[in-house]
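In the working numbering, the protein residues as written are -10 to 180. Cβ atoms here follow ideal geometry from the backbone N, Cα and C, with glycine treated the same way. If you're wondering where the values come from, they're calculated on a predicted model, not measured in any experiment. Below you'll find the structure, written out as structure tokens, and then a few comments.
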């Protein structure tokens, strides 16, 4: 017969309680035994079942919000990406469209979203020239002296060159009919 740390005697497979008993080396056996593991898992599962669903609400909410946070981040990345049409094809320097885009991001954008992404060119040297041009123009444009982070991306910039958009608008205006008010009839008179 041996004593457990809780004043219980172990007799074969039977546990007998005695409040005045002293602790014995069987405590380590009890803690590591299959019965001890079973008791601990029953207690743990009972506590989990009694407090359900509270422990899982935060994790579930985070799991639901994560895709939306990723979508917002991807949207800002697409919005702040400088594409091929923002650079001069021969020199790799920013053209007027690229300069205006950087000014808009740095001066009008929210501080936490003032990062710039540069669409990778076909050659690494051209991409490096683009990134350097963006960094130097951003340093000259920034009002508070903080430089934005500049990243490379494989996602193309949304949109078209300004001259293409302008040409489409001009064609649309040329094909638009002249505005006319419809003829109205009042009684027998036609106006």
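CB-CB length for residue i against residue j, believed under 8 Å
i	j	result
residue 69	residue 96	Contact doesn't hold; Cβ gap of about 13 Å is too wide.
residue 107	residue 141	6 Å
residue 194	residue 48	Given that the chain is displayed from residue -10 to residue 180, the structure contains no residue 194 and the question cannot be resolved.
residue 129	residue 139	With a Cβ gap of about 14 Å, residue 129 and residue 139 do not count as contacting.
Within 9 Å, strictly: CB atoms of residue i and residue j
i	j	result
residue 87	residue 99	no
residue 127	residue 91	yes
residue 148	residue 119	no
residue 135	residue 169	no
residue 44	residue 50	no
Residue nearest to residue i in terms of C-alpha spacing, selected from the options
i	options	result
residue 188	162, 110, 28, 54	Residue 188 lies beyond the residue range present for the chain, which begins at -10 and ends at 180; the question has no answer from this structure.
residue 89	150, 23, 52	150
residue 79	125, 66, 112	112
residue 101	57, 85, 66, 30	66
residue 85	39, 33, 152, 167	152
residue 76	61, 116, 64	116
residue 144	114, 175, 73, 154	73
Bridge-paired residues (DSSP) for residue i
i	result
residue 108	142
residue 153	In the DSSP output, where bridge partners are listed per residue, residue 153 has none listed.
residue 164	None, per the DSSP bridge assignment.
residue 76	83
residue 71	107
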